[in-house]
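In what follows, a structure is listed as structure tokens, so that the remarks can point back to it.
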Amino acid sequence: MKVVFILIRLTGYLLGSFALFSGVADVLGFIPHSYETPPWPARLMASLPSMLAGAVLLVPIKYCLRGAMLYVLAAGYALVVLAAVVLSVQALIGYSSGTKDPAIVPAAMIFLYIPVANAFVLWRMRRDYKGPPNNSFKPNPLRGSA
């Protein structure tokens, strides 16, 4: 099961780095637009959701298994999964209405699978997390011992 988790995290890292770096390239003006390049604040606002989703996918899970970081990361995954569900439903509606190519169906399912699988890995690793050892047990010395 650990190998499956590593493969899921690897796909998450790849998708996250692609989303983050393509958003940065768009903001910096390296991606051409159809008619004219919009001003950089408009490019930033258009690329910010995908860049944040990429940043969530790039966070190493094993360092966020307790405390407030767990809840922040879980909320980030919830938002990314919600956005992926909305985009997948939009793609399926577009396909069923005939405005999208049939190749959109497997692509939408893959882009839905990656955040859902990474959220599952977060849940499963948190469930199996043992935490640091409890060193609070300090026995009283026996009476009359040295």
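Residue numbering for the sequence shown follows our numbering, starting at 863 and increasing by one per position.
Note that CB positions come from ideal geometry on N, CA and C, so glycine has one too.
Remember, it's a predicted structure, so these values are computed and weren't measured experimentally.
So is residue i buried or exposed if we call it buried at 16+ other beta carbons inside 10 Å?
{"i": "M913", "result": "buried"}
{"i": "P1015", "result": "Examination of residue 1015 is not possible in this model, given that the chain is present from 863 through 1008 alone."}
{"i": "I923", "result": "buried"}
{"i": "R871", "result": "buried"}
{"i": "D888", "result": "buried"}
{"i": "L882", "result": "buried"}
{"i": "G929", "result": "exposed"}
{"i": "G885", "result": "buried"}
To which residues of the same chain is residue i closer than 7 Å at the C-beta, ignoring the five residues directly before and after it?
{"i": "L932", "result": "C926 and R988"}
{"i": "V943", "result": "P977, V978 and A981"}
{"i": "I893", "result": "A887"}
Counting only the same chain and skipping the five closest in sequence on each side, list residues whose C-beta sits under 8 Å from that of residue i.
{"i": "S950", "result": "A970, M971, F973 and L974"}
{"i": "Y875", "result": "L919 and L920"}
Below 8 Å between beta carbons: does that hold for residue i and residue j?
{"i": "V967", "j": "L984", "result": "no"}
{"i": "L877", "j": "L941", "result": "no"}
{"i": "A915", "j": "A945", "result": "yes"}
Within its chain, find whatever has a CB closer than 6 Å to the CB of residue i; leave out the 5 residues flanking it on each side and keep chain order.
{"i": "A908", "result": "none"}
{"i": "G938", "result": "V918"}
Whole runs of the alpha helix (DSSP H) within the segment 877 to 922, excluding any shorter than 4 residues: 902 to 920
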